[in-house]
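So the protein lines, in turn, are chains D and A. Residues in the first sequence are numbered from 1058 upward in steps of one, following my numbering. Residues in the second sequence are numbered from 1482 upward in steps of one, following my numbering. Think of the CB as a built atom: it goes at the ideal place given N, C-alpha and C, for glycine as much as any other residue.
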Amino acid sequence: MRRQNERLHNEKRTHSKKLMPSLAEALQAHDCTSVIRRMLVNQKTIRSIPLAILTLVAVLCAARPGRAQDAKNPYPTSMAPLEEYLMDRDAEIAMARSAAPPSIAKDATILVLGRHGFETAVQGTNGFVCNVDRWMDQFENSPEFWNPKRHGPVCYNPQAAKTLIPILMIRTKLALAGKSKAEMKEGLKAAIEKGEVPALEPGAMAFMFSKQGFLNSKCGNCSPHLMFYVSVKDAKTWGANVPQSQIYVAPHFNGNPEPVTEFIVEVTEWSDGTPYPTPASTDQHH
Amino acid sequence: MASDQNPYLSERLSMNQKTIQTIALATVMLVAVLCAARPRRAQDAKNPYPSMAPLDQYLMDRNDEIALARSAAPPSIAKDATVLVFGKDGYETAVKGTNAFVCNVDRSWMDRFDNSPEFWNPKRRGPVCYNPQAAKTIVPLVMIRTRLALAGKSKAEMKEGLKAAIERGELPAIEPSGMSFMLSKQGCLYDHVGPCFPHLMFYVPPKDAETWGANLPNSPVLGGSPRDPEPISIFIVPVGQWSDGTDAPSK
């Protein structure tokens, strides 16, 4: 049964990759013209689409002007009230732990965000450190930088924690001090120059496998992935961001200003062992 | 008509008896031979590749080997990589690349020395493409192991020879960020699993082997155990697609 499910799953994934991307992307971007053009091009398909869907599209398109206005500036352009970024402490501990398989997260140190920054909620024993990221996005081209809904559960291995936790602390300190994105970037750059960010150690990596996270409005919890940290000089030595590579360079860090390049490798299971992509997420992400 | 009254029939019967006796004897001998051989066959089943096979069995057509080596990584990477092929005297450069990646087809003797019943399996083909950092250490390792195998060394002798080479400084220390691609659908890593699954490999010093959460329940990170005598731990992370972009089984 499992094999059959996997086969069906893979078929759906392949099918979805071939047929769905432009439609899914158009819908995500609320580009109603593209949606309708695509539907009209394929007359056979359009006959099979229930009238209700066309009605729904028409309704969505009618609502477009207002949403287009929102799409220009849908998120806060500066920090929202602090309360909006805070979570229930136990819920945050659980969410942080969901970043890695329980066999790792159960023994990890857990940091939670309080009014004065991240603090240790659970002292771990295995050298891993888990937390729920806020303001860790890139500084430019990041409309959701201040989106208080963003919660990025992550568990760093011991090597990564030595460099990435200080970066987290500095960014958070600057955000809580009311700095703008540009000021945060300058403040972080100054902190790096003062030696407040330890040099990256070899073998630094992290887990981001949480099904409960919310990384951005486009993909929600996105996909389970591993992250690998290397010095910026090695950014071009992994064959990342080339066709069919399956390794991607994260848009943040990468010398701007953090002296770290983050590679992302998608994996096929969430931390709870359920498979990715699920039928629902297939349509959402591909 | 009674046989004793017919010389021809009597002779035929006599011949038949001899034939029957011969068949019976042959059968008994065959069974005896088979029984005598049985323990040895059981031994062979446990260790079907006890030593190096004739060299020709490990060789490939040169162009096929170049193509197989390149299939380890996505074409966008492999097309500009240096490609090594295995010849009668060891690995040699067949294609000089431009992106500092190095691709080759591993033979069976790149396996670990202990608990490796297919160490001499001539059917094994492991296409792999190393990034520049990994190539600095792993390609010399391929060369040393291959030199020892071609010199007719046993596994134990290879292990000792490799240890001595490392002590002489012939193996550069592993650099940070060493990794490689093993995404070929055409490889054969073991008899029973063929090309296994597409995966990335990461190389770290053994001291870091406990820090990747490998081999734990629901962790996709595998491997990392020490590879005596090499001062390297190798982590494996399965990925979802082969180098040609087709989807792999989720497990």
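Under the Cβ distance rule, V1254/D does not count among the residues neighbouring chain A, no pair being separated by less than 8 Å. Counting along the chain, V1576/A sits inside the beta strand (DSSP E) bounded by residues 1571 to 1576.
P1621/A places its beta carbon 8 Å or farther from that of E1656/A. For the options W1590/A, F1662/A, G1607/A, the alpha carbon positioned closest to that of G1633/A is the one of W1590/A. Closer than 8 Å to the CB of N1188/D there is not a single CB belonging to chain A. Listed along chain A, the residues sitting closer than 8 Å to N1214/D by beta-carbon distance are T1692, W1693, G1694. When only Cα atoms are considered, Q1722/A and R1172/D end up about 44 Å apart. Taking 7 Å as the cut-off between beta carbons, the residues of the segment 1694 to 1715 of chain A near chain D are G1694, L1697, P1698, N1699, S1700, P1701, in sequence order. Below 8 Å, too few C-beta pairs join the segment 1665 to 1675 of chain A and the segment 1690 to 1697 of chain A to call them touching: fewer than three.
By the rule that beta-carbons nearer than 8 Å mark a contact, I1161/D touches chain A.
Residue state for T1229/D is assigned as helix, using DSSP reduced to three classes. Within the model, the alpha-carbon separation for K1238/D versus P1308/D is close to 15 Å. Residues of the segment 1304 to 1328 of chain D with a Cβ closer than 8 Å to any Cβ of chain A, in chain order: I1304, V1322, E1323, V1324, T1325, E1326, S1328.
Rounded to whole angstroms, the gap between the alpha carbons of F1567/A and A1151/D is 52 Å.
Excluding five sequence positions before and after I1625/A, the CB atoms of its chain that fall closer than 8 Å to its own CB belong to G1642, L1643, A1646, E1651, L1652, given in chain order. In the structure shown, L1540/A falls within a coil segment according to DSSP collapsed to helix, strand and coil.
Just so you know, the alpha carbons of F1285/D and D1689/A end up roughly 14 Å apart. Taking 8 Å as the cut-off, the beta carbon of L1664/A is found closer than this to the beta carbon of P1555/A.
Boundaries of the beta strand (DSSP E) around S1661/A: 1659 to 1663. In chain order, P1281, P1332, Y1333 place their CB closer than 7 Å to the CB of E1326/D, counting only its own chain and leaving out the 5 sequence neighbours on each side.
With respect to the C-alpha of T1318/D, the residue from G1260/D, T1166/D, T1134/D having the closest C-alpha is G1260/D. Rounded to the nearest angstrom, the gap between the Cα atoms of C1212/D and P1701/A is 14 Å.
For M1660/A, the nearest CB of chain D lies under 8 Å from its own CB, placing it at the interface with that chain. In this structure, the beta-carbon distance from A1615/A to G1659/A falls below 8 Å. Under a criterion of Cβ atoms nearer than 7 Å, the residues of chain D adjacent to A1554/A are, in order, G1296. Taking 8 Å as the threshold, the shortest C-beta distance from P1531/A to chain D does not fall below it. Among the bridge pairs identified by DSSP, V1566/A is matched with E1573/A. Here DSSP, grouped into helix, strand and coil, assigns S1288/D to coil. Contacts with chain A at 8 Å (Cβ-Cβ) do not include M1136/D.
With a cut-off of 8 Å on Cβ pairs, the segment 1570 to 1585 of chain A is not in contact with the segment 1670 to 1686 of chain A, counting fewer than three such pairs. Taking the Cα of I1304/D as reference, the smallest distance to any Cα among N1313/D, P1314/D, A1292/D, F1310/D is reached at A1292/D.
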